[in-house]
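Comments concern the structure below.
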Amino acid sequence: MEENIILQIKSKLKDLSKAEKKIGAYILDHAVDIVNDNTSELAKKIGVGPATIIRFCRSIGLSGFSQLKIRLYADASGVKEDLYTDITPDEDVSLLAEKLALRFNQSISQTANHLDRTSIEETSELIHKCTTIYVYGIGASHVVAEDFTQKFSRIGKTVVHTLDHHLLSSALISAGEQCMFVAISNSGETNEVNKLVEIANKKKMHTVGICQYENSTLTRLVEYPIIHHGGEAVMLRSAATTSLVAQLFTIDVLYYAYVNKHAKKILNMLKESKINIQTFFRKDN
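Per the UniProt record's numbering, residue 1 is the first one in the sequence shown, and the count goes up by one each step.
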């Protein structure tokens with residue numbers, strides 16, 4: 001699944017060197033124009049060496065300048081330039097919707113391309129083996145924790161989830177063997193989340209962390225980190241948007257990876273559950 005190169009550059013700018021940031025900023029301002037330049041011509045316009053252009057391309061995950069030009073031509077040509085700008089006050093609703101759709105697609109593409117298959121498979125196997133799963137997230141990550149709870153509870157897993165971290169810490173302390181704790185935090189620096197992981201570690205529980213950043217505290221604390229991508233790329237933001245989409249997508253991948261391994265049993269379970277619910281909640285009951 002190919003990412004949008006404009007948003008890909010924007011998301012990586014903060015991690016680049018000073019010279020590479022200069023290149024990135026120039027490309028974002030002249031995305032369509034540079035497709036006709038060669039490496040030397042672009043380097044001269046920006047005031048850097050040709051080798052720095054190549055390093056920039058590799059820093060953003062491309063093989064070289066030719067691939068950058070192809071991606072820029074595909075993503076920037078024929079697309080309204082204002083779709084790549086931040087959301088601003090008093091924008092037309094249709095433009096706002098287009099911007100969000102573009103960013104959501106980019107968020108899912110980034111996560112799909114970089115999600116570690118091994119982490120998903122190992123976590124799926126843990127879910128199968130463990131008798132009880134504890135899950136916690138705060139703020140927008142609480143929504144993701146609820147989604148995890150709803151999905152896995154429906155297929156017969158015992159999931160303990162509460163927003164009260166004091167109550168959950170008590171549950172973790174008294175948890176038995178064959179339990180796991182799933183911690184969800186976009187930043188990986190949420191104090192309540194990390195403290196709960198520390199308790200779970202002391203109880204020698206399996207710990208899984210769903211987070212955006214590889215070098216976060218949460219990633220270092222847990223046994224099995226699952227890194228998603230596609231965080232916020234906009235300045236105007238009153239609540240999590242693309243990061244929430246990336247987290248929910250990650251939970252979906254984990255859920256379907258688990259279902260795929262135990263398809264027959266789970267499909268029968270879901271069918272029986274649906275019949276029982278329809279029977280129980282019939283209007284004539």
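Glycine is no exception: its CB is placed at the ideal position from the N, C-alpha and C atoms.
CB contact below 9 Å: residue i versus chain D
i	result
D147	Of the protein chains in this structure there is only one, and it is not chain D.
Contacting residues, own chain, Cβ-Cβ under 6 Å from residue i (five flanking each side not counted)
i	result
H229	Q110, T111, H114
V245	F104, S107
S40	P50
Y26	I46
Same chain, Cβ closer than 7 Å to residue i, neighbours up to 5 away in sequence not counted
i	result
A19	V48, T52
S124	L254, A257, Y258, K261
T217	G188, E189, N194
S153	V159
L248	V144, D147
residue 374	This structure does not reach residue 374, given that the chain is present from 1 up to 285, and the question cannot be answered.
F281	none
T149	V135, V159, H161
Assigned secondary structure, residue i (DSSP; H/G/I helix, E/B strand, else coil)
i	result
S238	Bear in mind that the predicted position of S238 carries a pLDDT of just 42, short of 50, making it unreliable; the figure below should be weighed with that in mind. S238 falls in the coil class under three-state DSSP.
C57	helix
H166	helix
V159	strand
M269	helix
residue 345	Because the chain is modelled from 1 through 285, residue 345 falls outside the range shown and cannot be assessed.
V32	coil
H206	strand
V135	strand
Y224	strand
Proximity to residue i [Cα-Cα], best of the options
i	options	result
H206	V245, L172, N215, E214	L172
S174	I34, K204, D15, L100	K204
E189	I199, Q212, N201	Q212
N268	R220, V159, I155, T250	I155
V159	S141, K265, L62, M180	M180
G61	A25, Q8, L96, A31	Q8
L13	P50, K44, R58	R58
D116	T241, K271, L270, I227	I227
residue 321	L100, A31, S170	Here the chain covers residues 1 to 285 and nothing more, so residue 321 does not appear.
L100	T241, K274, K271	T241
residue 298	T219, Q178, E272, S170	Here the chain comprises residues numbered 1 to 285, so residue 298 is not present and cannot be evaluated.
D37	Y73, V93, S17	Y73
D75	E3, S17, S273, E272	E3
Element boundaries [beta strand (DSSP E), containing residue i]
i	result
H262	Run containing H262: none; DSSP gives neither H nor E here.
8 Å Cβ shell around residue i - same chain, five flanking residues per side excluded
i	result
Y224	S119, E122, T123, L126, H206, T207, V208, G209
Terminal residues of the alpha helix (DSSP H) in which residue i lies
i	result
A112	93-114
K45	39-46
Q8	5-12
L126	117-129
E146	140-154
Whole-angstrom C-beta distance between residue j and residue i, which should lie under 8 Å
i	j	result
E146	H128	Their Cβ separation, rounded to whole angstroms, is 22 Å, which puts E146 and H128 out of contact at 8 Å.
L196	H165	6 Å
S141	N215	Incorrect: roughly 18 Å between the Cβ atoms, too far for contact.
I54	L42	With 8 Å as the limit, I54 and L42 do not qualify as a contact, their Cβ atoms being about 11 Å apart.
Y134	I184	Incorrect: roughly 12 Å between the Cβ atoms, too far for contact.
I138	R71	37 Å between Cβ atoms; not a contact.
E198	L221	7 Å
K151	I251	7 Å
F56	G24	7 Å
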